[in-house]
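In order, the protein sequences belong to chains A and B. For reference, each letter of the first sequence is one residue, going 1 to 329 in this note's numbering. For reference, each letter of the second sequence is one residue, going 1 to 277 in this note's numbering. Think of the CB as a built atom: it goes at the ideal place given N, C-alpha and C, for glycine as much as any other residue. As the structure is a prediction and not an experimental result, all values here were calculated from the model.
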Amino acid sequence: MSAGEQARGGLEPDLSVELGPMRLPHPVLNASGTFDLLEAAARYEGDLVAELPFAAYVPKTVTLEPREGNPPPRVTETAAGMINSVGLQNPGLEAFLPDLSRLAALTAPVIVNVGGSRPDDYVTVVERLEEWLDGRRTGEGPDVSGYELNISCPNVATGLAIGADAAATADLVARVKAATKRFVMAKLTPNVTSVVEVALAAQAAGADGLSLVNTFKALVLDGETLRPFLGGVTGGLCGPAIKPIALRMVAEVAGAVRVPVVGMGGIASGRDALEFVACGATAVQVGAANFAGIDAPRRIVAELGNEMRRRGIASLAQVRGRAALPMRA
Amino acid sequence: MDADPALTPDSGHDRRAVSRDCRVVESRRFGAFSLLSLASAEIAARAVPGQFIMVGVPGGRFLLRRPISLHSVDGERVRLLVEARGEGSAVLAAAEVGDTLPLAGPLGSGFRLDGVRAALLVAGGIGAAPLQFVADELVAAEVPVVGAFGFRDAAQARLVGAFEIDPLWVASDDGSLGKRGTVVDLLDTIDVPDGATVFACGPAAMVAALAPWVAARGLRGYASLEAHMACGAGACHGCVVPTRAGYRRVCADGPVFALDDLETSSPPDPLAAGEAS
Numbered sequence: 001m002s003a004g005e006q007a008r009g010g011l012e013p014d015l016s017v018e019l020g021p022m023r024l025p026h027p028v029l030n031a032s033g034t035f036d037l038l039e040a041a042a043r044y045e046g047d048l049v050a051e052l053p054f055a056a057y058v059p060k061t062v063t064l065e066p067r068e069g070n071p072p073p074r075v076t077e078t079a080a081g082m083i084n085s086v087g088l089q090n091p092g093l094e095a096f097l098p099d100l101s102r103l104a105a106l107t108a109p110v111i112v113n114v115g116g117s118r119p120d121d122y123v124t125v126v127e128r129l130e131e132w133l134d135g136r137r138t139g140e141g142p143d144v145s146g147y148e149l150n151i152s153c154p155n156v157a158t159g160l161a162i163g164a165d166a167a168a169t170a171d172l173v174a175r176v177k178a179a180t181k182r183f184v185m186a187k188l189t190p191n192v193t194s195v196v197e198v199a200l201a202a203q204a205a206g207a208d209g210l211s212l213v214n215t216f217k218a219l220v221l222d223g224e225t226l227r228p229f230l231g232g233v234t235g236g237l238c239g240p241a242i243k244p245i246a247l248r249m250v251a252e253v254a255g256a257v258r259v260p261v262v263g264m265g266g267i268a269s270g271r272d273a274l275e276f277v278a279c280g281a282t283a284v285q286v287g288a289a290n291f292a293g294i295d296a297p298r299r300i301v302a303e304l305g306n307e308m309r310r311r312g313i314a315s316l317a318q319v320r321g322r323a324a325l326p327m328r329a
Numbered sequence: 001m002d003a004d005p006a007l008t009p010d011s012g013h014d015r016r017a018v019s020r021d022c023r024v025v026e027s028r029r030f031g032a033f034s035l036l037s038l039a040s041a042e043i044a045a046r047a048v049p050g051q052f053i054m055v056g057v058p059g060g061r062f063l064l065r066r067p068i069s070l071h072s073v074d075g076e077r078v079r080l081l082v083e084a085r086g087e088g089s090a091v092l093a094a095a096e097v098g099d100t101l102p103l104a105g106p107l108g109s110g111f112r113l114d115g116v117r118a119a120l121l122v123a124g125g126i127g128a129a130p131l132q133f134v135a136d137e138l139v140a141a142e143v144p145v146v147g148a149f150g151f152r153d154a155a156q157a158r159l160v161g162a163f164e165i166d167p168l169w170v171a172s173d174d175g176s177l178g179k180r181g182t183v184v185d186l187l188d189t190i191d192v193p194d195g196a197t198v199f200a201c202g203p204a205a206m207v208a209a210l211a212p213w214v215a216a217r218g219l220r221g222y223a224s225l226e227a228h229m230a231c232g233a234g235a236c237h238g239c240v241v242p243t244r245a246g247y248r249r250v251c252a253d254g255p256v257f258a259l260d261d262l263e264t265s266s267p268p269d270p271l272a273a274g275e276a277s
């Protein structure tokens, strides 16, 4: 770092970003299924709803019908990461809506993460949410700014049936876009030969944004029995172990698309977040690092500011895409 | 389901969890087990028996916190009984006086002790951990308490040294300490107070064997369950156990469950369908 950059270290860096219609004070969101605001607010001191540590809140995947999920055990730690096979356990849309209403005091926008057993389910969930949002009274629930389509969970069938198939992804995105005027981003799986191909298909079908990467399909054994440890047999790997692969995929996709990219995969520090922005991400999601402690997101945002200050970076736009990879023919 | 304390504030006493770095003020070793005392007036004031703490493993090698039952509370200290079982818990068990550990808690439901006229405390191995706190509260309320702990072998039975429960009956699988056999075998040989409530903690097999014993005697029984956990706060659904009402989260719906709510039959082998016979 030059002496001039050191001198600029006194500037207060601007962490704000625009993600579609959302103006966010910083780029750090939670990854779906790793932070439950109502549960956390009920359990931890303070007022997490009023003082959400994330710039936007992504609830756990909601499906049309309740889902029981996969048999336990469902999680365990791995080298520099963890594996899960939860299988989208959730109480279904009808139980989700009252929970959404309980977040009326939330000032940050909500991005509803939608899953399904088949394409029709995604569309129906979005249609019913739109009806509910149109019909609700003022002050009933928070600002729902968009949707994230979970077409990439490796622990349910649609994770590969839709998310690994460019045509199926495009078809689903187009149908959801026809059902809402809100921001729609598709959450992409890394379990494909070319994530760029799926990303371009989603963009062509009208996706307003792309988030990546979901977890890597993986296997851990019980050390004693040498049999699969997880009740669901295979699971999804996440955490710092996957960060370099996730960075590469974000850099490839950001180099190929026009729509904003939300990067994730092993982000545990402010520097990690900055690296994803340098690869072209507009915003980032923190997943497994939430499990390291309720303070993790606040720390990551503070560290991101410090990293920018130290480097003399005034705004994230200054470094965004610096490491994005140009698309190869 | 219990009322949501964040949205329905009750007496004004905030019992919700705090997240703090806490200093180890005492460490006692019992073989592979360590009884750590940590300074946290806040957790000590908020905790009830049966709750747990998510403990961060120092050193940066481990991502997930470890759920550890509260063994007991003493003034402004909380005690955690840690078994050096895997690499992460071995780091925790090696903590020395003066070290700092990141604690988040108290978390989870506790055992309900109001209305209990007599108690039988049943444990298998490290499952004994939360039962000292139960005993302390009940003895203070002059409720008679009987303990029955089962261990694999003499090495595991060393953790008895971390308990002050009287009377405390002991069994071991290999007969090296107390009666030879399981803790449920032991129960048939001891005097259980009439109308005792059973408080249990231990491996799934012990809980499965205990449930019919309790039901056959018409007693009420509760178990605090162990599970691999990620968030510890109801978000990830990683720690579920099968109950009669479907999968329930150990961290958020438990760790304490009524014995007759649990589904104790073993699950089918997930690989069986794909294997040649």
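query: Backbone CA spacing between B:V48 and B:L107 [nearest angstrom]; result: 10 Å
query: Backbone secondary structure at A:Q285 - three-state DSSP; result: strand
query: Cβ-Cβ distance between A:P190 and A:N214 below 8 Å; result: yes
query: Test item: CB-CB of A:T78 and A:V126 under 8 Å; result: no
query: Inter-residue spacing [alpha-carbon to alpha-carbon] between B:P242 and B:L262; result: 7 Å
query: Of the listed residues B:E142, B:S34, B:A39, nearest to B:A119 (C-alpha basis); result: B:E142
query: Inter-stretch contact at 8 Å, needing at least 3 Cβ pairs: the stretch 212 to 232 of chain A / the stretch 166 to 180 of chain A; result: no
query: Cβ neighbours of B:R152 in the same chain (closer than 6 Å, five flanking residues each side left out); result: D173
query: Where A:Q6 sits in the DSSP three-state scheme; result: Interpretation of A:Q6 is limited by its pLDDT of 49, a score under 50 that renders its predicted location unreliable; no figure is taken from the coordinates.
query: Coil, strand or helix - B:G178 by DSSP; result: coil
query: For A:S85 and B:C201, the rounded distance between their alpha carbons; result: 26 Å
query: Chain-ordered residues of the stretch 27 to 45 of chain A with a beta carbon less than 7 Å from chain B; result: G33, T34, F35, D36, E39, A40, A41, A42, R43, Y44, E45
query: Best match in A:E65, A:G206, A:Y147 for proximity to A:V114 [C-alpha to C-alpha]; result: A:Y147
query: Near-chain B residues of the stretch 204 to 228 of chain A (beta-carbon distance less than 8 Å), N- to C-terminal order; result: R227, P228
query: DSSP beta-bridge partners of B:R79; result: B:S37, B:S72
query: Status (buried if at least 16 other CB within 10 Å, exposed otherwise) for A:G223; result: exposed
query: Cα-Cα separation, A:A273 to B:R16; result: 30 Å
query: Beta bridge counterpart(s) of A:V114 as assigned by DSSP; result: A:V62, A:L149
query: Cutoff 8 Å: B:S224 Cβ touching any chain A Cβ; result: no
query: Proximity test, B:V256 beta-carbon vs the ligand HEM heavy atom, cut-off 7 Å; result: Summarising the ligand content, the structure contains no ligands, and the ligand HEM is consequently not present.
query: Cβ-based burial, A:A40 [other Cβ within 10 Å; buried from 16]; result: buried
query: 3-residue-minimum beta strand (DSSP E) runs that sit fully inside the stretch 183 to 222 of chain A, ordered along the chain; result: 183 to 187, 209 to 212, 216 to 218
query: Contact with chain A by B:C201, beta-carbon distance below 8 Å; result: no
query: CB of A:C279 within 8 Å of CB of A:A317, strictly; result: no
query: B:R20 - DSSP class collapsed to helix/strand/coil; result: strand
query: Candidates A:D47, A:G116, A:D134, of which the one nearest A:E65 by Cα; result: A:G116
query: Cβ of B:S277 within 8 Å of any chain A Cβ; result: Reliability of the predicted coordinates at B:S277 is poor, the pLDDT of 31 falling under 50, and the value obtained from them is presented with this limitation in mind. Not an interface residue.
query: Segment contact, 8 Å Cβ cut-off, at least three pairs: the stretch 108 to 116 of chain B with the stretch 77 to 85 of chain B; result: no
query: Touch test, the stretch 41 to 59 of chain A against the stretch 280 to 300 of chain A, Cβ-Cβ under 8 Å, three pairs minimum; result: yes
query: Same chain, Cβ closer than 8 Å to B:D4, neighbours up to 5 away in sequence not counted; result: Its pLDDT being 37, under 50, B:D4 is placed unreliably by the model, and the measurement read from it follows with that caveat. Excluding sequence neighbours, B:D4 sits near nothing in its chain.
query: Option nearest A:G135 by Cα separation, candidates A:L106, A:T124, A:L97, A:S152; result: A:L97
query: Neighbour list for A:N113 in chain B, Cβ cutoff strictly below 9 Å; result: Per Cβ cutoff of 9 Å: no residues; A:N113 is ~13 Å from chain B at best.
query: Of the listed residues B:A32, B:L210, B:A235, nearest to B:A123 (C-alpha basis); result: B:L210
query: Alpha-carbon to alpha-carbon, B:R248 and B:F133; result: 24 Å
query: A:K177 versus A:V123: straight-line alpha-carbon distance, rounded; result: 9 Å
query: DSSP state of A:F96 mapped onto helix, strand, coil; result: helix
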